[in-house]
Structure formats: structure tokens, C-alpha cells
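Participant: What the sequence shown shows, in our numbering, is residues 10 to 525, in sequence order.
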Amino acid sequence: MPRPFRPRAAVPAVCAVLLSALLAGCGEGDDQAEDLTGQRLDWKDCPAPSQEQGGGPAPSPLPGGRGEWSCATMKAPLDWDDPAGDTIGIALIRARASGPASERIGSLIFNFGGPGGSGVTTLPAFGEDYATLRTRYDLVSFDPRGVGRSAPVTCLDDRRLDAYLQQDATPDDAAERTELLDGTEEFNAACEKNSARVLPHVRTTDAARDLDLMRQVLGDDRLHYFGVSYGTELGGVYAHLFPEKVGRAVFDAVVDPTENAEQGSLGQARGFQLALDNYAEDCVSKAEECPVGDSAQDVKDRIATLLKDLDRTPLPGVFPRELTQTAATNGIVQALYSEDFWKFLTDGLERAYDGDGTILMVLSDSMNGRGENGEYSNLVPANVAINCADDRPRYTPEDVERRLPAFRAASPLFGEYLAWGMTGCADWAVPGAAEHPDVHAPGAAPILVIGNTGDPATPYEGARRMARALGAGVGVELTYKGQGHGAYNSGNACVQDTVHRYLLDGAVPEDGKTCS
């Protein structure tokens, strides 16, 4: 996408908040809905991922011969307000628990965020990272509705999407502004033309209801859940709708549920600026010379100059495409998601200063779900569709112009980029549901909420606000003093031990614990 969307969610007024209540009193069709809760999943060897899921080979056997991945499709109502109507398939993947059956707790369902990411491809890619959790849980993930193999949203073809993602995302004059808005209008119209059936039904509340159906179909009394990034918002919405069904749940890289789309974008501007500051300080603190600047400020000044130059004259990128200002910004943002990527950012900047935009463009392609073959997953369409269905505000160019000073103050490098991204839902075919999600979950079991002080995409403050919004006795906050998006996969022993003791043994940590 031309800009990283802030993950949002919404909770529209609906007939019922619990599946049982839905079945009992949300119109006709009770028999059909009851049939869905009793469906038996047909688990088989997983096929190679579809292009919508990102392509590539089928998942490899688990290391050490400790089992295979298996896949199935769960039927869910297209429209949860009409459970007797049409159904869609929700793609699932599972690895059975590796420990004794007598010690198995149940299924642990993962959502890795986006929104728009395929859990069916992501879980096996990181499966061994969760080997300890697998001793007592079946590891399960899924493609949320609108994503991958679950009624995927489709918009532009690959060639036109290339052009859309290369457009100038920070217009400097009226002509560039018109070009940006025209490109957004073309993209949004293509989504409506190709995916009108599914667009009204990809809200986070719909996915939360799918989660509860999944819980029942998998045979669990309660939902045991691990949500990352947008997955924390999905988990919070689930807890609000089904508080008495919450089991052991971890929210990592937490979305702030109190913010609207503008506030979320402004928070991301601050978050990515902080990550850039930390990257620059780290680079110049190394024993060897930093190859992209003599001081932290020099590093940032040189990046700003590079982006300004690219606005006028793009560099050769991944042939036949060029590295534009937008692609370079997107590539830098991608690299700031993880401290492990900082070395690639340094290499990409060094190459770009020598006239070669390849590495920054590869990073940008990764952010947008573009494969080496030039084909895209449906990450971008799904991300836009879910955000626009969730977010009520619709921002005009005039709104953005008024807010630009605040965004520039939050981040000289990323402020305008994120501010203009707010126009992405203009003239969307489906009205947005709410200003921000409702995650208040009185009576739910304790939920472990982990915030990373150096997180660029979901700034640290969101974890505390999520914990408070969940309610007293529900949100239990854990702070990780680190870098990058998320905490558990950083490898920090304190974080992982706390998560393991909670998920495996039910040991709820003291609220406010800190790991560093």
C-alpha cells in the first residue's frame, strides 16, 4: 500500500453479542446456524499457498519429525445478521499438540495482524518459535474473511496495482493531489466491482464471530488466543462480544482501542520517527563507522535528502520499475518494523546513495505482498477493505491539509506520508462502522497485554490503554523495554517465560511487570 494503514476495528450495533444469543434471537435460520456449530472439519495435507495467500511451497513438516501441518475449511455465514443465508469458507491450519494427550489444554488460535495477513501461511513460517506452546496446545491459525483463501477481496490486477503503489503519496501541488485522489478512486472502484458481495462483511466484528464459531467447531469451551498487532484488536473485540468465553489470551504489539483513524495514524508517525531515531543512534554507536551518516542527525538528514531527490528523479529499482519516493519511504518503514532488519536498511540506503534502489524496493515489495514473480497476495486489498469497513471517518484532502502541521511535528520524515494515507477510504462502497472499537469486557478472564517501548507500528502507550479499556481485573500489562514490532518473537527470555507460565500453567503475572 502507498502507506502503512493503522489497524482499526469497530463494533456496530448488532442483534446479539454472543453466538448463543444470535442463534436464539437474531431472526430466522436457527437450524442452519446450529448445523454450522456442529460441522466436522475435514483435515488434510496442506496445499501450496494460493497467490492470494502469497504463493510459495506447501508448509514443510515440523522439525524433528514431530508432526505435520494439516489444513481444513470451516463454513461460516457470509452475513452474521443472516446466519441462514449464504456461507463462505474460512481457511484453517493446525499442528497437533506434541505433548501427552492428558496434558493438552486445547487449541491456541493465532492472528498475526495486518489486517490482511494470511495466518495459514504465517503460522508455519514461524511455527518452531511456538514449539514450547505446542507441548500443550494444538497450534491453529486462519485466513480471516476477505483474506487469502477465505472469500478474498480482490481489486486491481497486478500491473495496475504496481502503478497504484508507485503513485506519489505525498503530493506537493494540486496536480499531484488530483493524481493521488484519482488513483485511490480507481482502486476503490475496482474493489467494489470485483468484491461487492464480501465488502460489507469483513468488519472485525464479523471476524470475531468467526473466532467463536471456530472455538466451538474445534471443541473448546473457551477461546485460547494469541493476537499480534491488529490481532490484539480482533482479540479485544472478541472479548467484548464473548467475555465469558475468553480463556487464556495474549495480546502482543497492542493496538490502541481508544483512538480513531486520525489519532492512530498520528501515533504511528511518532512511533516510526522514534524507531528511525533509535536506528540512527544505533548505527553511529557501532565500533565501526556508520556507512550512512556521521551522526544520528546526519543519518536522518541524508535520508530526508534522498527522499526529496527521489521525488524529482527516481532511481533504478527492481527492473523495470523505479524506486520512487513513495516506494523508498515504504521500504524504510518496512525495515523499521524489526531491529533484525536494520542491517538491510543500512545496506539499502548505502546502495541508494550510490544510485541503486534495489534493496529499498525489495523491502517495499515485501511490505505490499509482492512476490518476485510480480504477483501480489491480496494483503493490500484486504487491508484496505477491513480498515474502511471498520473506520467511520472519511477524510477529505481539506481535512488532511488542516492536519499536516501536527503530522509534520510528529515526524518530519513520515508525517505527510501517513497524513495523506487517511484519504484511502474516500468514497468507499461500505460505510465505516465506528470511531474506534469497543473492547470493554467485564467478567472476562485475565488477558496478558504486552507493550514494547520501541514499537513503531503499535506505540507502547496503546498497551496500557488496551489494558484499561478491557476493564479492571481483565487487562494485565507487561512492559518489554526493546525495539521492533512485538515482544514475544524478540526472543527476550523474560517475556517468553512470562507468556509460557501464563499460557501453559495459568500463572497470571503481576500487573505492571517489566522485562528488559
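Using N, Cα and C, we set each Cβ at its ideal position, and we do this for glycine too.
What residue range does the beta strand (DSSP E) around Met-431 cover?
Facilitator: As a working note, residue 431 is residue 422 in the sequence shown. Counting along the chain, Met-431 falls outside any beta strand (DSSP E), and DSSP gives it neither H nor E.
Participant: Taking only the alpha-carbon atoms, compute the straight-line gap between Pro-300 and Leu-324 and give it to the nearest angstrom.
Facilitator: The residue you call residue 300 lines up with position 291 of the sequence shown. The residue you call residue 324 lines up with position 315 of the sequence shown. About 20 Å.
Participant: Considering only DSSP beta bridges, list what Asp-147 is partnered with.
Facilitator: Within the sequence shown, residue 147 is the residue found at index 138, counting from 1. BP columns for Asp-147 point to Ser-116.
Participant: Would you decide whether Gln-306 is buried or exposed? Buried here means 16 or more other CB atoms lie within 10 Å of its CB.
Facilitator: As a first step, residue 306 is located in the sequence shown; it is residue number 297 there, counting from the start. That one is exposed.
Participant: What are the partner residues of Phe-260, as DSSP defines its beta bridges?
Facilitator: Locating residue 260 in the sequence shown gives position 251, where the first residue counts as 1. Bridge partners of Phe-260: Gly-236, Val-458.
Participant: Go ahead and label Gly-357 buried or exposed: buried means 16 or more other beta carbons lie within 10 angstroms of its beta carbon, across all protein chains shown.
Facilitator: One-based indexing of the sequence shown puts residue 357 at position 348. The residue in question, Gly-357, is buried, as its Cβ has 16 or more Cβ neighbours within 10 Å.
Participant: What's the gap between the Cα of Gly-123 and the Cα of Asp-152?
Facilitator: For this step, residue 123 is matched to residue 114 along the sequence shown. For this step, residue 152 is matched to residue 143 along the sequence shown. For the pair Gly-123 and Asp-152, the Cα-to-Cα distance works out to about 11 Å.
Participant: Whole-angstrom Cβ separation of Asn-549 and Leu-388, contact assumed at under 8 Å?
Facilitator: Nothing about residue 549 can be reported from this structure: the residues present for the chain run from 10 to 525 only.
Participant: Measuring straight from C-alpha to C-alpha, what distance separates His-249 and Leu-479?
Facilitator: Mapped onto the sequence shown, residue 249 falls at position 240. Mapped onto the sequence shown, residue 479 falls at position 470. Those two C-alpha atoms are separated by around 8 Å.
Participant: Excluding the five sequence neighbours on either side, which residues of its own chain have a C-beta within less than 6 Å of the C-beta of Pro-58, listed in chain order?
Facilitator: Residue mapping note: residue 58 aligns to position 49 of the sequence shown, counting from 1. The answer, listed in chain order, is Gly-64, Gly-65, Thr-130.
Participant: Can you confirm whether the segment 110-128 touches the segment 223-231 when touching is taken to mean that 3 or more C-beta pairs between the two stretches lie within less than 8 Å?
Facilitator: Enough Cβ pairs lie closer than 8 Å, so yes.
Participant: Kindly indicate which residue of Asp-95, Val-246, Arg-143, Arg-212 has the alpha-carbon position closest to the one of Arg-526.
Facilitator: Within the shown structure, residues of the chain are numbered from 10 to 525, placing residue 526 beyond reach of any answer.
Participant: Among residues of its own chain, excluding the 5 on either side of His-509, which ones have a beta-carbon nearer than 8 Å to its beta-carbon?
Facilitator: Here residue 509 refers to the residue found at position 500 of the sequence shown. Hits under 8 Å: Thr-141, Leu-142.
Participant: From Thr-462 to Gln-492, what distance separates their C-alpha atoms?
Facilitator: On the sequence shown, residue 462 is found 453 positions in, with the first residue counted as 1. On the sequence shown, residue 492 is found 483 positions in, with the first residue counted as 1. C-alpha separation (whole angstroms): 7 Å.
Participant: In chain order, what are the residue ranges of uninterrupted alpha helix (DSSP H) at least 4 long that sit wholly in the segment 262-343?
Facilitator: 270-294, 305-321
Participant: Which same chain residues end up closer than 6 Å to Gln-60 when comparing Cβ atoms and leaving out the 5 residues on each side of it in sequence?
Facilitator: As a position in the sequence shown, residue 60 is number 51, starting the count at 1. Closer than 6 Å at the Cβ level, and outside the excluded window around Gln-60, lie Glu-384.
Participant: Can you grab the Cα-Cα spacing for the pair Pro-70 / Asp-147, in whole Å?
Facilitator: Walking along the sequence shown from the start, residue 70 turns up at place 61. Walking along the sequence shown from the start, residue 147 turns up at place 138. The alpha-carbon atoms of Pro-70 and Asp-147 are separated by roughly 15 Å.
Participant: Please report the distance separating the alpha-carbon of Tyr-511 from that of Asn-120.
Facilitator: The count along the sequence shown starts at 1 and reaches residue 511 at position 502. The count along the sequence shown starts at 1 and reaches residue 120 at position 111. Spanning the two alpha carbons is a distance of roughly 18 Å.
Participant: Taking all protein chains shown into account, decide if Asn-382 is buried (16 or more other Cβ within 10 angstroms of its Cβ) or exposed.
Facilitator: As a position in the sequence shown, residue 382 is number 373, starting the count at 1. Asn-382 is exposed by the Cβ-count criterion.
Participant: For Gly-157 and Ile-97, I'd like the C-alpha separation in whole angstroms.
Facilitator: Sequence index remark: in the sequence shown, residue 157 carries index 148 (1-based). Sequence index remark: in the sequence shown, residue 97 carries index 88 (1-based). Taking the straight line joining both Cα atoms gives about 13 Å.
Participant: If you reduce the DSSP assignment to three classes, tell me which class Gln-492 lands in.
Facilitator: Position 483 of the sequence shown, counted from the start, is the residue given in the question as residue 492. It is a strand residue.
Participant: Would you give the residue range spanned by the beta strand (DSSP E) that Thr-544 belongs to?
Facilitator: The chain is shown only over 10 to 525; residue 544 falls outside these bounds and no answer can be derived.
Participant: What residue does the beta strand (DSSP E) around Thr-405 start on, and which one ends it?
Facilitator: For this step, residue 405 is matched to residue 396 along the sequence shown. Neither: Thr-405 is in no beta strand (DSSP E) and is coded neither H nor E.
Participant: Buried or exposed for Lys-254, going by 16 or more other Cβ atoms inside 10 Å?
Facilitator: For the purposes of this step, residue 254 is taken as residue 245 along the sequence shown, with counting starting at 1. So Lys-254 counts as buried.
Participant: Across which residues does DSSP place Arg-379 in a beta bridge pair?
Facilitator: The residue labelled residue 379 in the question sits at position 370 within the sequence shown. In the DSSP output, where bridge partners are listed per residue, Arg-379 has Tyr-385.
Participant: Rounded to whole angstroms, what's the CA-CA distance from Gly-276 to Pro-446? Just pull it up for me.
Facilitator: The sequence position of residue 276 within the sequence shown is 267, counting from 1. The sequence position of residue 446 within the sequence shown is 437, counting from 1. Taking the straight line from one Cα to the other gives about 17 Å.
Participant: Would you list the residues sitting across from Leu-487 in a DSSP beta bridge?
Facilitator: Start at 1 with the first residue of the sequence shown, and residue 487 comes out as number 478. Partner(s): Ile-459, Lys-522.
Participant: Can you tell me whether DSSP reads Asp-436 as helix, strand or coil?
Facilitator: Counted from its first residue, the sequence shown places residue 436 at position 427. Asp-436: coil per DSSP, three-state reduction.
Participant: If you draw a straight line from the C-alpha of Val-485 to the C-alpha of Ala-466, how long is it?
Facilitator: Position 476 of the sequence shown, counted from the start, is the residue given in the question as residue 485. Position 457 of the sequence shown, counted from the start, is the residue given in the question as residue 466. Cα to Cα, the separation comes out at about 21 Å.
Participant: For a test of the three-state rule: what should DSSP assign to Thr-355, helix, strand or coil?
Facilitator: In the sequence shown, counting from the first residue as 1, residue 355 sits at position 346. Thr-355: helix per DSSP, three-state reduction.
Participant: Can you check whether the CB of Leu-487 is closer than 8 Å to the CB of Ile-459?
Facilitator: As a first step, residue 459 is located in the sequence shown; it is residue number 450 there, counting from the start. As a first step, residue 487 is located in the sequence shown; it is residue number 478 there, counting from the start. Yes, the pair counts as a contact, with Cβ atoms nearer than the cut-off.
Participant: For Lys-490, which residues in the same chain have their Cβ closer than 6 Å to its Cβ, ignoring the five residues on either side in sequence?
Facilitator: Here the question's residue 490 lines up with position 481 in the sequence shown. Within the same chain, Lys-490 has close Cβ partners Thr-462, Ser-525.
Participant: If Ala-278 sits next to Ser-420, beta carbons under 8 Å apart, how far is it from one beta carbon to the other, in whole angstroms?
Facilitator: Looking up residue 278 in the sequence shown gives position 269. Looking up residue 420 in the sequence shown gives position 411. With 8 Å as the limit, Ala-278 and Ser-420 qualify as a contact, their Cβ atoms being about 4 Å apart.
Participant: Do Glu-410 and Arg-417 have their CB atoms nearer than 8 Å?
Facilitator: Against the sequence shown, residue 410 aligns to sequence position 401. Against the sequence shown, residue 417 aligns to sequence position 408. Taking 8 Å as the Cβ cut-off, Glu-410 and Arg-417 do not qualify as a contacting pair.
Participant: Let me confirm a value: Asp-506 is counted as buried when at least 16 other C-beta atoms fall within 10 Å, else exposed. Which label applies?
Facilitator: Here residue 506 is taken as the residue at index 497 of the sequence shown, counted from 1. By the 10 Å Cβ count, Asp-506 comes out exposed.
Participant: Identify which residue in Gly-515, Asp-436, Gly-521 has its Cα closest to the Cα of Arg-474.
Facilitator: As a position in the sequence shown, residue 474 is number 465, starting the count at 1. For the residues Gly-515, Asp-436, Gly-521, the minimum Cα distance to Arg-474 belongs to Gly-521.
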